[in-house]
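Numbering (our numbering), first residue to last: 3 to 89. These notes are about the structure you will find just below.
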Amino acid sequence: MTAEADLKTHAELFDRMACSVGLDLEEEAVAGTLRFDEIAEAVLRCTRCGGVGACRKWLAEGQRPGADAPDFCRNRDLLGYLNESHA
């Protein structure tokens with residue numbers, strides 16, 4: 003996989019993970035609760051994860067609004083923080 007394809011894959015996985023726990027990254031960015039550089043860093047964290055298969059499986063199980071991302075997710079803390087900011 004090329005570096006560009008890898009980034010696109012992980013950008014999609016991060017966006018899907020955010021959606022699965024009830025977050026809209028675009029809305030977070032527009033609202034100012036998530037900066038674009040933070041999104042870029044989150045995608046890079048995702049590229050360093052060895053759990054792509056587990057991630058896809060977890061995502062395939064459906065949405066869990068307000069839930070925590072799985073333990074293996076390198077963006078679990080960020081997604082949890084964003085969800086808590088809406089509580």
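All C-beta atoms in this analysis are idealised placements derived from N, C-alpha and C, irrespective of residue type, glycine included.
Arginine 58 versus leucine 25: straight-line alpha-carbon distance, rounded:
In the sequence shown, the residue the question calls residue 58 occupies position 56. In the sequence shown, the residue the question calls residue 25 occupies position 23. Whole-angstrom Cα-Cα distance: 17 Å.
Find the nearest neighbour of alanine 44 within the set Ala7, Cys75 and Glu63, judged by alpha-carbon distance.
The residue you call residue 44 lines up with position 42 of the sequence shown. It is Cys75 whose Cα lies nearest to the Cα of alanine 44.
Looking only at its chain, what residues have a beta carbon closer than 7 Å to the beta carbon of arginine 50, apart from the 5 residues adjacent to it on each side?
Indexing the sequence shown from 1 puts residue 50 at position 48. Contacts found: Arg76.
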